[in-house]
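Some notes on the structure that comes next.
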Amino acid sequence: MDLYRSKAAIVGRLGPVVAWLGERGISPDAVTLAAIPVGVVAAACLLVSPAVPLALLAVPFLAALRLILNLLDGALARRTGRIHPRGEFYNEVGDRLADVLFLAPVAFLPGASSVAVLLGVCLSLIASHAGLASRAAGGERIYRGILSKPGRMVLLSVSAVAALAVGREAWDVFAALLLGGAVLTLGERLVIAVRSLE
2 MDLYRSKAAI
12 VGRLGPVVAW
22 LGERGISPDA
32 VTLAAIPVGV
42 VAAACLLVSP
52 AVPLALLAVP
62 FLAALRLILN
72 LLDGALARRT
82 GRIHPRGEFY
92 NEVGDRLADV
102 LFLAPVAFLP
112 GASSVAVLLG
122 VCLSLIASHA
132 GLASRAAGGE
142 RIYRGILSKP
152 GRMVLLSVSA
162 VAALAVGREA
172 WDVFAALLLG
182 GAVLTLGERL
192 VIAVRSLE
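Following our numbering, the residues of the sequence shown are numbered contiguously, the last one being 199.
So, in C-alpha coordinates, the structure goes:
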(Lines of atoms letter the chains of each structure in order from A and count residues from 1; the text may use other names and numbers.)
(Lines give C-alpha, C1' and ligand atoms only; values in the text may rest on other atoms or scores of the structure.)
Protein backbone atom coordinates (compact mmCIF):
# COMPACT_ATOMS: atom_id res chain seq x y z
CA MET A 1 0.00 0.00 0.00
CA ASP A 2 2.91 2.37 -0.67
CA LEU A 3 0.72 4.80 -2.59
CA TYR A 4 3.27 7.61 -2.44
CA ARG A 5 4.67 6.30 -5.72
CA SER A 6 1.69 7.76 -7.59
CA LYS A 7 1.85 11.12 -5.78
CA ALA A 8 3.31 13.13 -8.69
CA ALA A 9 0.67 11.90 -11.13
CA ILE A 10 -2.16 12.71 -8.72
CA VAL A 11 -0.78 16.18 -7.99
CA GLY A 12 -0.62 16.81 -11.73
CA ARG A 13 -4.33 16.08 -12.08
CA LEU A 14 -5.09 18.47 -9.23
CA GLY A 15 -3.50 21.37 -11.11
CA PRO A 16 -6.80 23.14 -11.90
CA VAL A 17 -7.84 22.94 -8.23
CA VAL A 18 -4.48 24.33 -7.13
CA ALA A 19 -4.83 27.18 -9.62
CA TRP A 20 -8.37 27.94 -8.40
CA LEU A 21 -7.22 28.07 -4.78
CA GLY A 22 -4.28 30.27 -5.66
CA GLU A 23 -6.42 32.73 -7.62
CA ARG A 24 -8.66 33.17 -4.60
CA GLY A 25 -5.80 33.82 -2.23
CA ILE A 26 -6.43 30.76 -0.08
CA SER A 27 -3.47 30.08 2.20
CA PRO A 28 -1.62 26.74 2.00
CA ASP A 29 -1.76 26.70 5.82
CA ALA A 30 -5.56 26.87 5.69
CA VAL A 31 -5.59 23.86 3.37
CA THR A 32 -3.21 22.00 5.69
CA LEU A 33 -5.24 22.70 8.82
CA ALA A 34 -8.53 21.84 7.08
CA ALA A 35 -7.59 18.17 7.50
CA ILE A 36 -8.20 18.48 11.25
CA PRO A 37 -11.95 19.29 11.09
CA VAL A 38 -12.24 16.61 8.40
CA GLY A 39 -10.75 14.19 10.93
CA VAL A 40 -13.16 15.39 13.61
CA VAL A 41 -16.11 14.64 11.29
CA ALA A 42 -14.64 11.21 10.47
CA ALA A 43 -14.24 10.45 14.18
CA ALA A 44 -17.85 11.44 14.80
CA CYS A 45 -19.07 9.23 11.94
CA LEU A 46 -17.16 6.26 13.34
CA LEU A 47 -18.34 6.78 16.90
CA VAL A 48 -22.02 7.11 15.95
CA SER A 49 -21.89 4.20 13.50
CA PRO A 50 -23.11 1.55 15.99
CA ALA A 51 -26.39 3.50 16.19
CA VAL A 52 -26.28 4.94 12.66
CA PRO A 53 -24.52 2.37 10.44
CA LEU A 54 -24.91 4.44 7.28
CA ALA A 55 -22.53 6.99 8.78
CA LEU A 56 -19.76 4.59 7.77
CA LEU A 57 -20.36 5.47 4.13
CA ALA A 58 -18.93 8.93 4.79
CA VAL A 59 -15.61 7.55 6.03
CA PRO A 60 -14.07 6.66 2.63
CA PHE A 61 -14.95 10.11 1.25
CA LEU A 62 -13.51 11.86 4.30
CA ALA A 63 -10.35 9.75 4.11
CA ALA A 64 -9.97 10.63 0.42
CA LEU A 65 -10.54 14.31 1.21
CA ARG A 66 -7.84 14.18 3.86
CA LEU A 67 -5.34 12.76 1.36
CA ILE A 68 -6.32 15.31 -1.30
CA LEU A 69 -5.86 18.18 1.15
CA ASN A 70 -2.45 16.76 2.01
CA LEU A 71 -1.46 16.91 -1.66
CA LEU A 72 -3.01 20.31 -2.29
CA ASP A 73 -1.26 22.22 0.49
CA GLY A 74 2.25 21.51 -0.76
CA ALA A 75 1.33 22.10 -4.40
CA LEU A 76 -0.37 25.38 -3.48
CA ALA A 77 2.61 26.51 -1.41
CA ARG A 78 4.97 25.85 -4.33
CA ARG A 79 2.68 27.59 -6.83
CA THR A 80 2.24 30.71 -4.71
CA GLY A 81 5.76 30.80 -3.28
CA ARG A 82 4.37 30.67 0.24
CA ILE A 83 6.76 28.04 1.57
CA HIS A 84 7.89 28.64 5.14
CA PRO A 85 8.98 26.60 8.18
CA ARG A 86 5.69 27.20 10.00
CA GLY A 87 3.84 25.53 7.13
CA GLU A 88 5.94 22.40 7.52
CA PHE A 89 5.27 22.44 11.26
CA TYR A 90 1.52 22.68 10.65
CA ASN A 91 1.75 19.89 8.11
CA GLU A 92 3.55 17.43 10.37
CA VAL A 93 1.58 18.15 13.54
CA GLY A 94 -1.70 18.26 11.61
CA ASP A 95 -0.93 14.92 9.98
CA ARG A 96 -0.32 13.23 13.32
CA LEU A 97 -3.49 14.69 14.81
CA ALA A 98 -5.53 13.67 11.76
CA ASP A 99 -4.19 10.11 12.04
CA VAL A 100 -5.38 9.91 15.64
CA LEU A 101 -8.79 11.34 14.75
CA PHE A 102 -9.32 8.89 11.90
CA LEU A 103 -7.94 5.73 13.51
CA ALA A 104 -8.28 5.86 17.31
CA PRO A 105 -12.13 5.97 17.39
CA VAL A 106 -12.20 2.43 15.98
CA ALA A 107 -10.86 1.27 19.36
CA PHE A 108 -14.24 2.14 20.87
CA LEU A 109 -16.37 0.33 18.28
CA PRO A 110 -18.03 -3.04 18.95
CA GLY A 111 -16.01 -5.86 17.43
CA ALA A 112 -12.66 -4.09 17.48
CA SER A 113 -9.77 -5.02 19.74
CA SER A 114 -9.16 -1.73 21.51
CA VAL A 115 -5.66 -2.76 22.57
CA ALA A 116 -4.66 -3.73 19.03
CA VAL A 117 -6.10 -0.54 17.52
CA LEU A 118 -4.47 1.78 20.06
CA LEU A 119 -1.13 -0.02 19.74
CA GLY A 120 -1.43 0.25 15.98
CA VAL A 121 -2.08 3.98 16.25
CA CYS A 122 0.88 4.47 18.59
CA LEU A 123 3.25 2.48 16.38
CA SER A 124 2.01 4.36 13.31
CA LEU A 125 2.86 7.62 15.04
CA ILE A 126 6.30 6.30 15.97
CA ALA A 127 6.84 5.19 12.36
CA SER A 128 5.96 8.70 11.21
CA HIS A 129 8.39 10.11 13.74
CA ALA A 130 11.10 7.74 12.51
CA GLY A 131 10.64 9.13 8.99
CA LEU A 132 11.04 12.67 10.34
CA ALA A 133 13.97 11.74 12.60
CA SER A 134 15.86 10.42 9.59
CA ARG A 135 15.75 13.88 8.01
CA ALA A 136 16.61 15.58 11.31
CA ALA A 137 19.72 13.38 11.50
CA GLY A 138 20.87 14.49 8.06
CA GLY A 139 19.22 11.85 5.87
CA GLU A 140 16.10 11.90 3.75
CA ARG A 141 12.50 12.04 4.94
CA ILE A 142 11.22 8.46 4.79
CA TYR A 143 7.70 7.94 3.50
CA ARG A 144 7.97 4.30 2.51
CA GLY A 145 6.24 1.46 4.30
CA ILE A 146 3.63 -1.22 3.77
CA LEU A 147 1.15 0.89 5.73
CA SER A 148 2.12 4.50 5.14
CA LYS A 149 -0.48 7.24 5.53
CA PRO A 150 -2.31 6.53 2.23
CA GLY A 151 -2.34 2.85 3.10
CA ARG A 152 -3.86 3.52 6.49
CA MET A 153 -6.62 5.58 4.91
CA VAL A 154 -7.32 2.83 2.33
CA LEU A 155 -7.44 0.22 5.11
CA LEU A 156 -9.85 2.33 7.16
CA SER A 157 -12.07 3.03 4.14
CA VAL A 158 -12.30 -0.61 3.09
CA SER A 159 -12.93 -1.68 6.68
CA ALA A 160 -15.72 0.88 7.12
CA VAL A 161 -17.51 -0.42 4.03
CA ALA A 162 -16.89 -4.03 5.13
CA ALA A 163 -18.29 -3.29 8.60
CA LEU A 164 -21.44 -1.92 7.01
CA ALA A 165 -21.73 -4.91 4.68
CA VAL A 166 -20.77 -7.85 6.91
CA GLY A 167 -20.89 -6.51 10.46
CA ARG A 168 -18.69 -5.68 13.41
CA GLU A 169 -16.26 -8.55 12.72
CA ALA A 170 -14.63 -6.35 10.10
CA TRP A 171 -13.23 -4.11 12.82
CA ASP A 172 -11.35 -7.00 14.40
CA VAL A 173 -9.65 -7.65 11.06
CA PHE A 174 -8.90 -3.93 10.77
CA ALA A 175 -7.27 -3.93 14.21
CA ALA A 176 -5.01 -6.86 13.31
CA LEU A 177 -4.01 -5.38 9.95
CA LEU A 178 -3.39 -1.94 11.43
CA LEU A 179 -1.16 -3.35 14.17
CA GLY A 180 0.71 -5.71 11.86
CA GLY A 181 1.14 -3.06 9.19
CA ALA A 182 2.37 -0.51 11.72
CA VAL A 183 4.97 -2.94 13.05
CA LEU A 184 6.23 -3.72 9.54
CA THR A 185 6.26 -0.06 8.51
CA LEU A 186 8.18 0.98 11.61
CA GLY A 187 10.67 -1.84 11.10
CA GLU A 188 11.20 -0.95 7.44
CA ARG A 189 11.75 2.73 8.18
CA LEU A 190 14.18 1.99 10.99
CA VAL A 191 16.22 -0.27 8.71
CA ILE A 192 16.23 2.31 5.90
CA ALA A 193 17.23 5.09 8.27
CA VAL A 194 20.05 3.15 9.94
CA ARG A 195 21.48 2.05 6.60
CA SER A 196 21.25 5.46 4.97
CA LEU A 197 22.83 7.27 7.94
CA GLU A 198 25.91 5.08 8.20
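Glycine included, each C-beta is placed from N, C-alpha and C at the ideal position.
What you are looking at is a predicted structure, and each value in this text was computed from that prediction instead of being measured.
Taking a 10 Å sphere around the C-beta of G168, we find fewer than 16 other C-beta atoms and assign the residue as exposed. Of all alpha-carbon atoms in R97, K150, E199, the one lying nearest the alpha-carbon of E141 is that of E199. If you draw a straight line from the Cα of A78 to the Cα of E170, it comes to about 42 Å. Two segments are said to touch when three or more pairs of C-beta atoms, one from each, lie closer than 8 Å; by this definition the stretch 185-194 does not touch the stretch 85-105.
Rounded to whole angstroms, the Cβ separation of L15 and L66 is 12 Å, and the two are not in contact under 8 Å. Comparing C-alpha distances from D96 to each of G26, I37, S50, D30 shows the shortest one belongs to I37. Its chain contains P54, L57 as the residues whose beta carbon lies nearer than 6 Å to that of L165, once the 5 sequence neighbours on both sides are disregarded; these appear in chain order. Following the DSSP letters along the chain, one finds Y91 inside the alpha helix (DSSP H) bounded by residues 86-104. According to the DSSP assignment, R190 belongs to the alpha helix (DSSP H) that extends over 170-197. If the five residues before and after V32 are omitted, its C-beta is found closer than 8 Å to the C-beta atoms of L22, L70, L73, D74, L77, all from its own chain and listed in chain order.
In the three-state reduction of the DSSP assignment, E141 falls in the coil class. Approximately 17 Å separates the beta-carbon atoms of P61 and V174; this is outside 8 Å, ruling out the contact.
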